[in-house]
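Student: The listed protein sequences derive, respectively, from chains A and B. The first sequence runs 808 to 912 under our numbering. The second sequence runs 808 to 912 under our numbering. For glycine and all other residues, C-beta sits at the position ideal for the given N, C-alpha and C. Bear in mind the structure is a predicted one, so any value in this text is a computation, not a measurement. Dropping the structure in here first, questions after.
Number of protein chains: 2
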Amino acid sequence: MAYEDAITALADPMRRQIIEKLRTGALPVAGIADGLPVSRPAVSQHLRVLSDAGLLTVTPQGNRRLYAIAPEGVDDVRKYLDTLWDDALAAFARAANEKAKGRTK
Amino acid sequence: MAYEDAITALADPMRRQIIEKLRTGALPVAGIADGLPVSRPAVSQHLRVLSDAGLLTVTPQGNRRLYAIAPEGVDDVRKYLDTLWDDALAAFARAANEKAKGRTK
DNA sequence: ACGAATCGTAAGTGATGACTTACGGTAAGT
DNA sequence: ACTTACCGTAAGTCATCACTTACGATTCGT
Chain A
808 MAYEDAITAL ADPMRRQIIE KLRTGALPVA GIADGLPVSR PAVSQHLRVL SDAGLLTVTP
868 QGNRRLYAIA PEGVDDVRKY LDTLWDDALA AFARAANEKA KGRTK
Chain B
808 MAYEDAITAL ADPMRRQIIE KLRTGALPVA GIADGLPVSR PAVSQHLRVL SDAGLLTVTP
868 QGNRRLYAIA PEGVDDVRKY LDTLWDDALA AFARAANEKA KGRTK
């Protein structure tokens with residue numbers, strides 16, 4: 808039931824851009840906001856959404872807060888798409904069979 | 808460059824519900840709209856979005872139009888999440904190593 | 001040929017959300 | 001202790017989008 812929030816969170820381009828900056832490892836808020844065309848509070852709000860969706864982990868470290876991608880949250884969406892892909896392929900194959908049968912009539 | 812549109816399309820709950828109805832196979836618009844709490848034109852608009860995102864295929868059949876899930880479109884999003892998952896795991900492992908090294912200091 | 005069915009599109013409305021500036025709170029440095 | 005740095009939250013604005021009703025086009029049945 809968690810993958811819905813994760814997909815919704817990943818739908819925003821700015822949030823995907825944030826995710827991209829975290830691919831190589833954890834970063835503090837200022838490090839994430841650096842280079843992005845929006846204000847730092849805006850980044851904080853996005854980080855909140857991503858965290859609530861289970862896509863990010865937060866580890867307070869002294870003055871700052873380190874954000875990192877949560878592999879488990881990504882995996883939830885992954886598994887949903889896997890089952891969807893399986894079903895889509897099965898339905899596709901079945902439709903192809905039906906069509907072939909009709910053609911030979 | 809296509810997975811972005813696909814994720815955006817999948818972000819809407821009603822569109823995910825439509826996808827669910829197509830898991831078992833293709834359906835005409837009326838068949839999709841049946842049981843859904845929105846009007847048929849609303850469903851048509853969602854189908855348009857999903858098609859443009861590459862997640863659905865349309866096959867006009869006489870009077871009606873059959874919509875089905877496009878496995879290829881789903882696979883695009885799948886592959887994006889796979890690479891994201893890989894990077895997240897690698898970053899996580901590296902951070903764990905850093906922490907362990909610090910702990911033994 | 002005519003009526004019914006199936007579907008897409010246009011126009012308009014309401015709600016959601018992404019962004020800004022302003023402010024408060026906590027930790028580090030001197 | 002006082003200042004500085006880092007960060008989250010509140011309030012308000014503006015654009016986007018999901019939905020509705022109304023309409024037009026195409027295809028099937030009689």
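Rounded to whole angstroms, what is the Cα-Cα separation between B:Met821 and B:Gln852?
Tutor: Cα-Cα distance, rounded: 11 Å.
Student: According to the neighbour-count rule (16 or more other Cβ atoms, all chains shown, within 10 Å of its Cβ), is A:Thr911 buried or exposed?
Tutor: Residue confidence for A:Thr911 is low, a pLDDT of 48 falling below 50, so the modelled location carries little weight and cannot support an answer.
Student: Between which two residues does the alpha helix (DSSP H) carrying A:Arg822 extend?
Tutor: From DSSP, the alpha helix (DSSP H) with A:Arg822 extends over 820-828.
Student: Does the distance between the C-beta of A:Ala903 and the nearest non-hydrogen atom of the ligand ADP fall short of 7 Å?
Tutor: The ligand ADP is absent from the structure shown, which contains no ligand whatsoever.
Student: Taking C-beta pairs closer than 7 Å, name the residues in chain A that B:Ile876 reaches, listed in chain order.
Tutor: Ordered by position in chain A, the residues that pass the 7 Å Cβ test against B:Ile876 are Ala895, Ala898.
Student: Counting only beta-carbon separations shorter than 8 Å, does A:Leu888 have a partner in chain B?
Tutor: Closer than 8 Å: yes.
Student: Between the C-alpha atoms of B:Tyr887 and B:Gly880, what's the straight-line distance to the nearest angstrom?
Tutor: Each residue's alpha carbon lies about 11 Å from the other.
Student: By the three-class DSSP mapping on this structure, what secondary structure does B:Pro878 have?
Tutor: Correct three-state label for B:Pro878: helix.
Student: Kindly list the residues whose CB is nearer than 7 Å to the CB of A:Lys828, restricted to its own chain and excluding five residues on each side of it in sequence; keep chain order.
Tutor: Correct list, in chain order: Leu834, Ile839.
Student: Step through the CB atoms of chain B and report whether any lies within less than 8 Å of the CB of A:Ile814.
Tutor: A:Ile814 counts as touching chain B.
Student: In terms of alpha-carbon separation, which member of A:Pro867, A:Leu891, A:Val845 lies closest to A:Gln824?
Tutor: The shortest Cα separation from A:Gln824 among A:Pro867, A:Leu891, A:Val845 belongs to A:Val845.
Student: What does a CB cutoff of less than 6 Å around A:Arg871 pick up in its chain, not counting 5 residues either side in sequence?
Tutor: Within the same chain, A:Arg871 has close Cβ partners Pro835.
Student: Name the chain A residues whose beta carbon is nearer than 8 Å to that of B:Asp882?
Tutor: Chain A residues near B:Asp882: Trp892.
Student: Tell me whether A:Ala895 is buried or exposed, calling it buried when 16 or more other Cβ atoms sit within 10 Å of its Cβ.
Tutor: A:Ala895 is buried by the Cβ-count criterion.
Student: Is the Cβ of B:Arg901 closer than 8 Å to any Cβ of chain A?
Tutor: Yes, because at least one Cβ of chain A sits closer than 8 Å to the Cβ of B:Arg901.
Student: Cβ of B:Tyr874 within 8 Å of Cβ of B:Leu891?
Tutor: Cβ distance not < 8 Å, so B:Tyr874 and B:Leu891 don't count as in contact.
Student: Is the CB of B:Leu857 under 8 Å away from at least one CB in chain A?
Tutor: Closer than 8 Å: no.
Student: Could you name the residues of the same chain whose beta carbon sits closer than 7 Å to that of A:Ala816, not counting the 5 residues immediately before and after it, in chain order?
Tutor: For A:Ala816, where only same-chain residues beyond five positions count, the Cβ hits under 7 Å are Arg822, Val856, Leu857, Ala860, Leu862.
Student: So which residues of chain A does B:Gly869 contact, with C-beta pairs closer than 7 Å?
Tutor: Here the premise fails: no neighbours, minimum Cβ distance about 14 Å.
Student: Smallest Cα separation from B:Ala809: which of B:Arg885, B:Pro848, B:Asp841, B:Val865?
Tutor: When each option's Cα is compared against that of B:Ala809, the closest is B:Arg885.
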